[in-house]
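Protein chains in written order, with this note's numbering: chain U, 1060 to 1310; chain Y, -14 to 491. Just so it is clear, CB atoms sit at the ideal spot from N, CA and C, and this is done for glycine as well. The model shown is predicted, which means the values in this text are computed figures rather than measured ones. Reviewing the structure listed below.
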Amino acid sequence: MLKIDNLHVKLEEEDKQILKGLSLEVPAGQVHAIMGPNGSGKSTLSYVLSGRDGYEVTEGDASLDGESLLEMEPEERAAAGLFLAFQYPVEIPGVGNMTFLRTAVNAQRKARGEEELSSAEFLKIVREKAKELQISPEMLKRPVNMGFSGGEKKRNEILQMAMLEPRMCIMDETDSGLDVDAMRLVSEGVNALRSPDRSFLVITHYQRLLNHIQPDVVHIMSNGRIIKSGGPELALEVEENGYGDLLAEAD
Amino acid sequence: MTEATDLDVREGVDRETVETVRNMGSYKYGWDTEIEMDYAPKGVNEDIVRLISEKNNEPEWMTEWRLEAFRRWQTMTEPKWAMLNYPEIDFQDQYYYARPKSMEEKPKSLDEVDPKLLATYEKLGIPLKEQMILAGVEGADEAPAEGRKVAVDAVFDSVSVGTTFKDELAKAGVIFCSISEAIREHPELVKKYLGSVVPQSDNYFATLNSAVFSDGSFVYVPPGVRCPMELSTYFRINAENTGQFERTLIIADKGSYVSYLEGCTAPQRDTNQLHAAVVELVILEDAEVKYSTVQNWFPGDEEGKGGIYNFVTKRADCREARAKVMWTQVETGSAITWKYPSCILRGDESQGEFYSIAIANNFQQADTGTKMIHLGKNTRSRIVSKGISAGKAQNTYRGLVTMHPKATNSRNYTQCDSLLIGDQCGAHTVPYIEVKNTSSRVEHEATTSKVDDDQLFYCRSRGMDEEEAVALVVNGFCREVLQALPMEFAMEAQSLVAISLEGSVG
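Here it is in structure tokens:
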């Protein structure tokens, strides 16, 4: 599904290398977690994969089902099935959450040559999915992320994910700022979406989230590279001992 | 289930329209109608003024009124204070009267109107048959798609070609007809109110209009009557080198209510065309008028060639106590816009509101705003202006709020937001505030911002292309004003915002 090969990325404006030969492969149906200390390049990875401006790939490649992502516009990546749940979801004043969702869903359908959803079909689906995530009808009407609490913003990201049905979901610190209940809701939402042809790349600081969303593989990232990969037990090890030993080992 | 089906149809239509637009460039009304026309000779002089009056079968007093205006106009000079840059207009190099030949004998009913004209309006999406129109709106789960009636007066170049639902309106006592017909059929009303809000001598363009206006719409709503449907006028400039000078007069008598819509388009031509309209609203005690405009004249091409020069004087007189007016405008077209729909708040406790979206792309220039003139006690006004500039366009908000000595305990609130797309356009805000008493309060808030990259990236990461993302963010920026529009106009305005900004990014 997702294949990242020796990816080198620097900031466009500064001469600062952030990713330094990162390689990673997420097969279909699997959940991979990336953990790592602050500043290891986790968020940069998620932005580069989804096509945000401001980064320059100097070497290597990232592909989805064998097709390189790097030449694609952000919207083409989305239509190809890539989704990023933002660490800091963006507020858009005056644009109703529902309008936003519907525009996004139909834009992707159109890009894939599919029929757009009618209002009635769309409403039916969005209401069902919102209910599962305990998103109130009132929240669907409010402008996108405006005045949402931290938990509401993250649930809203998962709602978008559920509506857009991507094949490759990247979650950038979706657990940050969530209380226990919100964490449970978000995790349940994600678990409900797990399927043999959908993969997840879960970026997180803490092992806690991985109790709810069981990963198949855990990667430890440091200084722009994956320094160690292993099973779920690797996350527990980090939780227990911190990153110190692993970093020392890598050096 | 019917609701859903209706909505589907509407959506299908919209999608198709958007596709067509994509294929043909950004201005979708740029085609023209090939039709035989009668022109008055080029230029303007007393003979032309007499000729226009004669073509309309006007009584002597009207001819004299026009001539008086014309003589006044000859002594005036074109105003230059606006932040607008355009070559000198040669007022003698224009046609002042152009009428489809088939309109020589005024058709008695819509059935007699030249099919070519009817087809023109059909192509523009304007229903000239007396039919229900369907509204499909965002959040349609709460607001069911309802069939609504809208009466239309269609003005083609210099003449009104037909007015729908006249009989049904007449039953309610509402007079809705072309102004030329009103001059003939209801002289007492026209004599009493024409020029009473915008006098003949008001300004250069209004004075010219007073001399040469050829047609326009007339509305009278009698005391206590709530007009049973929306009224609308649709202006189409078709003929080349022809100015359109229409005159609209609306009178809302005591305790009445009317909502009026105005739409405008013109073919895509290389030369500039002149449009100088006058709209007068007279609002009596406890009456209310809502006046909405979607102005989509041809804005000129990407290089700034062609387009309409739009010099318009619109003014409402809240003449008596508790009269209320609301102007809503969506200005997306014209090469040059010079327009300040104003409210004279003469009656005590009268209210004026102004909601505006002005979009300028490519080489468009807009200098637009409003005037709130508080004369009566406890008067209220509110101004919400959203200016969007893209390409190399210049967008100016110019607004006057004045509190006269007798307008005690009055309030104004002004909010003026500008949004910039790209780095070669400009936004300017020029507020004039005069307060001549101590008990009134005036508030002015202004912001200028750029379309935020994070917002665009967020939209694009969800699958929208860049133009779609910009349109969504801009529609959000304009939301307060869009919400003030009647439902069917709000839909049109939303897609218009998207279309007007095509090519503004990337």
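query	result
Contact with chain B by Asp1231 (chain U), beta-carbon distance below 8 Å	You won't find chain B in this structure, because its protein chains are U and Y.
Where the alpha helix (DSSP H) containing Met47 (chain Y) begins and where it ends	45 to 59
Pairwise C-alpha distance: Leu1223 (chain U) and Ser1177 (chain U)	15 Å
Start and end residues, beta strand (DSSP E) containing Ala1092 (chain U)	1090 to 1094
Ile342 (chain Y) versus Ser1288 (chain U) - alpha carbon distance	55 Å
For Cys1228 (chain U), the residue or residues it bridges with in DSSP	U:Phe1142, U:Phe1259
CB contact below 8 Å: Glu288 (chain Y) versus chain U	no
Cross-chain neighbours of Ile1151 (chain U) in chain Y, by beta carbon under 8 Å	Gln440, Tyr443, Cys444, Leu457, Val458, Gly461
Met357 (chain Y) to Val183 (chain Y) span [Cα, whole Å]	15 Å
Which listed residue (Y:Thr256, Y:Ser145, Y:Lys156, Y:Glu153) has its alpha carbon closest to that of Ala167 (chain Y)	Y:Ser145
Terminal residues of the alpha helix (DSSP H) in which Ala343 (chain Y) lies	Run containing Ala343 (chain Y): none in the alpha helix (DSSP H); it sits in the beta strand (DSSP E), 336 to 345.
Inter-stretch contact at 8 Å, needing at least 3 Cβ pairs: the segment 1164 to 1183 of chain U / the segment 1143 to 1152 of chain U	no
Beta strand (DSSP E) segment containing Asp402 (chain Y), residue limits	396 to 405
Under 8 Å between C-beta atoms of Ile236 (chain Y) and Val264 (chain Y)	no
Identity of the residue in U:Asn1156, U:Tyr1106, U:Glu1173, U:Met1157 nearest Leu1141 (chain U) by Cα	U:Tyr1106
Gly1100 (chain U) to Gln468 (chain Y) span [Cα, whole Å]	44 Å
Environment of Gln280 (chain Y) [buried if 16+ CB atoms lie within 10 Å]	buried
Inter-residue Cα distance where the pair is Met1280 (chain U) and Ser1208 (chain U)	30 Å
For His413 (chain Y): DSSP bridge partner residues	Y:Thr381
Extent of the continuous alpha helix (DSSP H) to which Asp1064 (chain U) belongs	Note, Asp1064 (chain U): premise wrong, no alpha helix (DSSP H); beta strand (DSSP E) at 1061 to 1070.
Distance CB(Gly361 (chain Y))-CB(Gly407 (chain Y)) smaller than 8 Å	no
Any C-beta of chain Y under 8 Å from that of Pro1291 (chain U)	no
Alpha-carbon spacing of Phe1145 (chain U) relative to Met1230 (chain U), whole angstroms	7 Å
Contact with chain U by Asp402 (chain Y), beta-carbon distance below 8 Å	no
Spatial neighbours of Thr298 (chain Y) in its chain, beta-carbon cut-off 7 Å, leaving aside the 5 residues before and after	Val183, Asp187, Asn188, Phe190, Ala191, Val263
Extent of the continuous beta strand (DSSP E) to which Lys356 (chain Y) belongs	350 to 359
Alpha-carbon to alpha-carbon, Lys371 (chain Y) and Phe442 (chain Y)	23 Å
Min CB distance Asn8 (chain Y) to chain U below 8 Å	Confidence in Asn8 (chain Y) is poor, its pLDDT being 40 and thus under 50, which makes the residue's placement unreliable; the coordinate value appears in the next sentence. Answer no: the Cβ-Cβ gap between Asn8 (chain Y) and chain U never drops below 8 Å.
Cβ shell of Leu1306 (chain U) (< 6 Å), same chain only, five flanking positions each side left out	Ser1281
Within-8 Å CB hit, Gly488 (chain Y) to chain U	no
Neighbour-count burial assignment, Pro64 (chain Y), 16 or more Cβ in a 10 Å radius	exposed
Min CB distance Arg1226 (chain U) to chain Y below 8 Å	no
C-alpha gap between Glu451 (chain Y) and Ala1170 (chain U), whole angstroms	13 Å
Chain-ordered chain U contacts of Gln407 (chain Y) [CB-CB under 7 Å]	Checking the displayed sequence, the identity of residue 407 (chain Y) turns out to be Gly instead of Gln. Ordered by position in chain U, no residue passes the 7 Å Cβ test against Gly407 (chain Y), which lies about 15 Å from the chain.
Simplified DSSP state of Thr298 (chain Y), which is helix, strand or coil	strand
Closer than 8 Å to chain U by CB, Arg447 (chain Y)	yes
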